[in-house]
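When you line the sequence shown up against this note's numbering, it's residues 208 to 510, in that order.
In what follows, a structure is listed as structure tokens, so that the remarks can point back to it.
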Amino acid sequence: MAIRFDGRVAIVTGAGGGLGRSHALEFARRGAKVVVNDLGGSVDGSGGSSDAANAVVEEIKAAGGEAIANGSSVTDRDGVARLVAEAMDAFGRIDILVNNAGILRDKSFAKMNMDDFQLVVDVHLMGAANCAHAVWPVMKQQKYGRIVMTASSSGLYGNFGQTNYGAAKLGQAGLMNTLKLEGAKDNIHTNAIVPIAATRMTEDLFPPQLLELFRPELVSPAVMLLAGEDAPNGEIICAGAGHFAKAQIVESEGAYLGADATAEALAARWDDIVDMRGQQPFEMGAKQTEKFAMKAMAALKKG
Ligand code: NAD
Numbered sequence: 208m209a210i211r212f213d214g215r216v217a218i219v220t221g222a223g224g225g226l227g228r229s230h231a232l233e234f235a236r237r238g239a240k241v242v243v244n245d246l247g248g249s250v251d252g253s254g255g256s257s258d259a260a261n262a263v264v265e266e267i268k269a270a271g272g273e274a275i276a277n278g279s280s281v282t283d284r285d286g287v288a289r290l291v292a293e294a295m296d297a298f299g300r301i302d303i304l305v306n307n308a309g310i311l312r313d314k315s316f317a318k319m320n321m322d323d324f325q326l327v328v329d330v331h332l333m334g335a336a337n338c339a340h341a342v343w344p345v346m347k348q349q350k351y352g353r354i355v356m357t358a359s360s361s362g363l364y365g366n367f368g369q370t371n372y373g374a375a376k377l378g379q380a381g382l383m384n385t386l387k388l389e390g391a392k393d394n395i396h397t398n399a400i401v402p403i404a405a406t407r408m409t410e411d412l413f414p415p416q417l418l419e420l421f422r423p424e425l426v427s428p429a430v431m432l433l434a435g436e437d438a439p440n441g442e443i444i445c446a447g448a449g450h451f452a453k454a455q456i457v458e459s460e461g462a463y464l465g466a467d468a469t470a471e472a473l474a475a476r477w478d479d480i481v482d483m484r485g486q487q488p489f490e491m492g493a494k495q496t497e498k499f500a501m502k503a504m505a506a507l508k509k510g
């Protein structure tokens, strides 16, 4: 079954280059009307120009598609309101939001300037929340919406020099975890990708022979599926170089230590507690609380 977006409207933030451009072009090729947002700054977020977004809009139009450009920063709530208003004026609805805009300000934590920490959190986490919050009423009213977050292996697993970036990126997954619950009844599905691609952001990390292997175009299929009509809800999909995988937070079965649990008793059972063989994911935090209550109640019953 072809994944098509005819009649659908997609906003892609940070779509003036790299991954965002690839997603925007692919949405347009598949029939979507696209709002190409990009501040047009450098990798560290400095500067800005509408040229990048305009160039992608021209590419889409040249291929016979429909698109408009927007140069708002995702950190600017008034700018995000303008982005949504322009999308509604031009196309009358918003079906898809891809939170892709991002910057880097890498430094080891010891040398990290907290203004750089704040800025990275502002762009990735607050930017994603600002955009999701602005499209939310539209999607609720339509009873249809697809939101795709852009997380990172740096958030899931850590990377030297990226405390700010990693925290913000896992924050987007945390944002998704609750949006997936709150949006479900209105057919708003929220998912996340964890991309690996050779772009200006990562070009120094890839040896030249891998640049072609990690084309941004090989991440976009994950976005198309997660933004499609049959999208799942609450999945984290890793994508790069043509390989795709699911990431998930799981919890061990653990061990019940009783109402008189002590740190020493915990240490004595450590191997059981960190044994991941009975690992379990939870669809929401309340289910995990339920598990803990059940363990304690079962012990009480036993006497
Ligand atoms: P990129 O630098 O080419 O793209 C990021 C885009 O976001 C740029 O065009 C930039 O102008 C725009 N942008 C930055 N701040 C903005 C703001 N405040 N408002 C609007 N637009 C803004 O790099 P990319 O690799 O294509 O990154 C895309 C996304 O994927 C980012 O969120 C990045 O963190 C994430 N990511 C990339 C990789 C990778 O391997 N390339 C890995 C993990 C996550």
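All C-beta atoms in this analysis are idealised placements derived from N, C-alpha and C, irrespective of residue type, glycine included.
Closer than 6 Å by C-beta to residue i: which residues in its own chain qualify, once you throw out the five before and the five after it? Chain order, please.
| i | result |
| --- | --- |
| residue 427 | 229, 230 and 233 |
| residue 290 | 244, 277 and 279 |
| residue 538 | Only positions 208 to 510 of the chain appear in the structure, and residue 538 is not among them; the question remains open. |
| residue 362 | 373, 376 and 377 |
| residue 449 | 425 |
| residue 246 | 255 and 280 |
Please work out which residues of its chain come closer than 8 Å, Cβ to Cβ, to residue i, disregarding the five sequence neighbours upstream and downstream, and give them in chain order.
| i | result |
| --- | --- |
| residue 328 | 371, 374, 375 and 378 |
| residue 394 | 350, 351 and 352 |
| residue 336 | 382 |
| residue 483 | 457 and 459 |
| residue 480 | 459, 461, 462 and 473 |
Skipping 5 residues on each side, what residues in its chain have a beta carbon closer than 7 Å to that of residue i?
| i | result |
| --- | --- |
| residue 368 | 313, 314 and 315 |
| residue 472 | 464 |
| residue 412 | none |
| residue 443 | 358, 380, 399, 401, 453, 454 and 455 |
| residue 286 | 279 and 280 |
| residue 264 | 243, 274, 275 and 276 |
| residue 485 | 459 and 460 |
Mind reading off the beta-carbon distance from residue i to residue j? Whole number of angstroms is fine, and I expect it under 8 Å.
| i | j | result |
| --- | --- | --- |
| residue 303 | residue 218 | 7 Å |
| residue 210 | residue 431 | 5 Å |
| residue 308 | residue 220 | 4 Å |
| residue 341 | residue 288 | 6 Å |
Going by CA-CA distance only, name the one from the options that's closest to residue i.
| i | options | result |
| --- | --- | --- |
| residue 360 | 446, 342, 334 and 493 | 446 |
| residue 241 | 271, 321 and 486 | 271 |
| residue 300 | 290, 216 and 335 | 216 |
| residue 451 | 478, 484, 433 and 213 | 433 |
| residue 405 | 208, 224 and 391 | 224 |
| residue 273 | 283, 256 and 236 | 236 |
| residue 420 | 403, 319, 510 and 336 | 403 |
| residue 253 | 212, 470 and 330 | 330 |
| residue 491 | 389, 266 and 479 | 389 |
| residue 348 | 295, 248 and 384 | 295 |
| residue 441 | 489, 326, 501 and 283 | 489 |
| residue 467 | 306, 248, 260 and 506 | 506 |
Run through the DSSP bridge pairs and tell me what residue i is partnered with.
| i | result |
| --- | --- |
| residue 487 | 458 |
| residue 446 | 402 and 451 |
| residue 273 | 240 |
| residue 357 | 400 |
Mind checking residue i: buried by the 16 CB within 10 Å criterion, or exposed?
| i | result |
| --- | --- |
| residue 353 | buried |
| residue 226 | buried |
| residue 475 | exposed |
| residue 387 | buried |
| residue 343 | buried |
| residue 323 | buried |
| residue 212 | buried |
| residue 298 | buried |
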